[in-house]
Amino acid sequence: MRTSTTTRLTLRTVALAYLLVLLAVPIALILWRTFGAGIMPFLESVRTPAAIAALNLSLLIVAIVVPVNVVFGITTAIALVRWRFPGRGLMQAVVDLPFAVSPIVVGVSLIMLWGVHGWFGGVESLGFKVIFGLPGMVLATLFVTLPFVVREVEPVLHEIGTDQEQAAATLGASTWQTFWRITLPAIRWGLTYGVVLTIARALGEFGAVIMVSSGFPGVSQTLTLLVHSRYIDDHNTYGAYAAASLLMGLALLTLLGMTLLDRKRSTS
Amino acid sequence: MITVTAARKNYGDFAALDDVGLEIPAGSLTALLGPSGSGKSTLLRSIAGLETLDAGRIDIDGRDVTAVPPQRRGIGFVFQHYAAFKHMTVRDNVAFGLTIRKRPRREVDKRVDELLEIVGLGGFQHRYPAQLSGGQRQRMALARALAVDPQVLLLDEPFGALDAKVRADLRRWLRRLHDEVHVTTVLVTHDQEEALDVSDRIAVLNAGRIEQVGSPDELYEQPANDFVMSFLGSVANIGGTMVRPHDIVLERESGVSLVTDAHPAPTRVRATVERIVRLGFEVRVDLVNDANGDRFAAQVTRAVSDDLGLEPGETVHACVPAAATRRGTAGESLAV
């Protein structure tokens, strides 16, 4: 289809303006507010004990959530693609649930489940604090990031089919050897995308985490919670901008990593 | 030697294998030939252990392997779509089975180089499958299957995804390879020409059953029934008699045959020439039986066609020598 020059230019302008207003302007504004007075105030603001603790907590949650999602994501994807079992359709729907359910609802339901009066509330009397502790935040983040690895690995598994795995079997490879030597290398790019998306989402999660965190600075604040509390509770606008910039920087690093991997993939 | 006894396999209501028994002699190259859905691939995959039989048993070289997983059946398998390990080099693909068996690196390298030389891929060690043509990929897959010294080599429509020219080259090459390596080989194909060209024994399958087993000549010359006859080579139906198109003798209405034919012709029908197709040396004459309107084709040499000087619309007599008509009659003892 050929479009006239006028139409093309109009479409381009509209799309650009849309992206500018909705994405570029807010981000530029935060960066400008953060670095407008130079880099020193920024460094000072993100070097406070509370900020360092928040960064560490966010990274710790990522470090726990990513391996768990990798193991269960691959297993789930293999089950959905390769196995035929009753309830498979239900499982397909359940995997997408985190996309549909608002994170704040996830937080509330976790409290109802694991809180003192919840079904599993008993564990708290055993000295294992889920809600208002790290386990709660990890559970909340796991919930919202669950679909990413599954949904990225699944189409790749479909695409590669079972021929290579069967060939490996006829050549003497056990199921485990086949998985490590054939299946895993074949799905590695899908898996990488899934991990990148998981990291980005785990870093940025707010709604579910704020419900289950006690929110003490330096103890149970993630980076997103730090931004929130600095802005709302401390009226420390600059501190909020600085923390937000740090958060954005991490997300950009993740995206950059993905782009570099993508380039490596297309050349290999 | 592979022995399949009373093999059954159902997919739901569909019987892929219906009481199949087959003996494949050691060192032979046997083709499993049949239309799609005839069970030939299921039979091959059952021998490999990639499918589990519902009933029956499979022996390889006297060992009951019915319950043995594919890893320990001593087989090599080649897939229609190559099943190349895309993330590995040609060298690593071929070395896979040996690496799994933890053979020393030097021995692996030597064996891989040797096999790549045999399949004509010497010097391709460091390429990736994506950098090979279809024919090269399939030869790599063959080297990979042969690397582990299988007792039997199983090929599932190995040339099905290749174009006609490469396919013909590769199957002749496979035949020569088999003459050198002598490993018992089973090849699945739906292409009768391929089966006739490459194998020394053919088993014709239809609807989950084996119709006939024999040498290509036996099957062509003495088909057990109409199915085998029509599946192996082309066939013409003249007033209910099945004959090979090249056995039909065409005569002008004058009654003087232009082909010297000493035999009496019990089958003789009047037919109208519909179309004349020149296929190089051969000429196919499409005819319509005047008696019942059936269409059939006769195959003659170019010389015969030129002598007859046939034109579309002309009427000829199509005659079939007695020896040729007896061939395809189901259930009868076969032609002399």
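Protein chains in written order, with the numbering used here: chain A, 3 to 270; chain B, 670 to 1005.
In this text, a Cβ means the ideal position worked out from N, Cα and C, and glycines have one as well.
Note that the structure is a prediction, hence the values are computed from the model and not measured.
May I ask you to list the residues that DSSP assigns as paired with Leu61 of chain A?
DSSP, once it has assigned bridges, lists no residue as partnering Leu61 of chain A.
Since Gly174 of chain A meets chain B, which of its residues come closer than 8 Å, beta carbon to beta carbon?
Proximity of chain B to Gly174 of chain A at the Cβ level (cut-off 8 Å) is accounted for by Gln740, Arg741, Gly766, Ile769, Arg770 and Val817, in chain order.
Is the CB of Ile184 of chain A under 8 Å away from at least one CB in chain B?
yes
DSSP state of Ala169 of chain A, grouped into three classes?
It is helical.
Run through chain B and tell me which residues come within less than 7 Å of Val165 of chain A, C-beta to C-beta.
Just to set this straight, residue 165 of chain A is Asp in the shown sequence, not Val. Neighbours of Asp165 of chain A on chain B, chain order: Phe748, His750 and Ala752.
So which residues of chain B does Ala188 of chain A contact, with C-beta pairs closer than 9 Å?
Residues of chain B passing the Cβ test: Phe754, Lys755 and His756.
Taking the runs of the beta strand (DSSP E) that are 3 residues or longer, which of them lie wholly in the segment 774 to 834 of chain B?
821 to 825
CA-to-CA distance, Arg813 of chain B to Arg774 of chain B, given in whole angstroms
16 Å
Kindly list, in the order they appear in chain A, the residues whose Cβ is closer than 9 Å to that of Ile744 of chain B.
Thr172
Are the C-beta of Ala169 of chain A and some C-beta of chain B separated by less than 8 Å?
yes
Segment contact, 8 Å Cβ cut-off, at least three pairs: the segment 824 to 837 of chain B with the segment 760 to 779 of chain B
A contact is defined here as three or more CB-CB pairs under 8 Å, and the segment 824 to 837 of chain B fails this definition with respect to the segment 760 to 779 of chain B.
I'd like to know if Ala695 of chain B contacts chain A, where contact means its C-beta is closer than 8 Å to some C-beta of that chain.
No - not a single Cβ of chain A is within 8 Å of the one on Ala695 of chain B.
Taking the runs of the alpha helix (DSSP H) that are 4 residues or longer, which of them lie wholly in the segment 148 to 206 of chain A?
165 to 172, 177 to 180 and 190 to 206
Met670 of chain B by DSSP, collapsed to three states: which one?
coil
What's the C-alpha gap between Arg841 of chain B and His750 of chain B?
19 Å
Using a threshold of 8 Å, state whether the C-beta atoms of Thr711 of chain B and Leu686 of chain B are closer than that.
Contact flag set, yes.
Leu719 of chain B and Pro739 of chain B: beta carbons closer than 8 Å?
yes
Any idea if Trp116 of chain A is buried or exposed, counting beta-carbon neighbours within 10 angstroms, 16 or more meaning buried?
buried
Just to confirm before moving on: does the CB-CB distance between Met699 of chain B and Ser868 of chain B stay below 8 Å?
As written in the sequence, residue 699 of chain B is Thr, which differs from the Met given in the question. Yes.
Do you know offhand how far Thr8 of chain A's Cα is from Val27 of chain A's?
Rounded to whole angstroms, the separation of the alpha carbons of Val27 of chain A and Thr8 of chain A is 26 Å.
Is Tyr680 of chain B buried or exposed, if buried means 16 or more other CB atoms sit within 10 Å of its CB?
Answer is exposed; the Cβ neighbour count stays below 16.
Please list, in chain order, the chain A residues whose beta carbon lies closer than 8 Å to that of Arg813 of chain B.
Per Cβ cutoff of 8 Å: Ala169 and Leu173.
So within the segment 694 to 753 of chain B, which uninterrupted beta strand (DSSP E) runs reach at least 3 residues, ignoring any that extend past its ends?
Runs of the beta strand (DSSP E) inside the segment 694 to 753 of chain B: 698 to 702, 724 to 729 and 744 to 747.
Using the beta-carbon of each residue, which ones in chain B are nearer than 8 Å to Gln179 of chain A?
Ile769
Please list the partners that Ala717 of chain B has in chain A, where partner means a Cβ-to-Cβ separation under 7 Å.
Thr172
Express the C-alpha separation of Met260 of chain A and Phe683 of chain B in angstroms, rounding to a whole number.
48 Å
Looking at Val108 of chain A and Val146 of chain A, is the spacing between their C-beta atoms short of 8 Å?
yes
Output the distance between the C-alpha atoms of Glu161 of chain A and Leu18 of chain A, rounded to the nearest integer angstrom.
35 Å
Run of the beta strand (DSSP E) containing Met911 of chain B, from where it starts to where it stops:
Thr910 to Val912
Classify Leu874 of chain B as helix, strand or coil using the three-state DSSP reduction.
strand
Quick one, which of A:Arg265, A:Thr164, A:Ile201 and A:Val48 has its alpha-carbon nearest Pro69 of chain A's?
A:Ile201
Can you name the start and end residues of the alpha helix (DSSP H) that Leu25 of chain A belongs to?
Run containing Leu25 of chain A: none; DSSP gives neither H nor E here.
Cβ-based neighbour list, Ile29 of chain A, same chain, cut-off 8 Å, excluding 5 preceding and 5 following
Met250
Since Ile54 of chain A and Met139 of chain A are thought to touch, with beta carbons under 8 Å apart, how far apart are those beta carbons, to the nearest angstrom?
Rounded, the Cβ-Cβ distance is 17 Å, inconsistent with contact.
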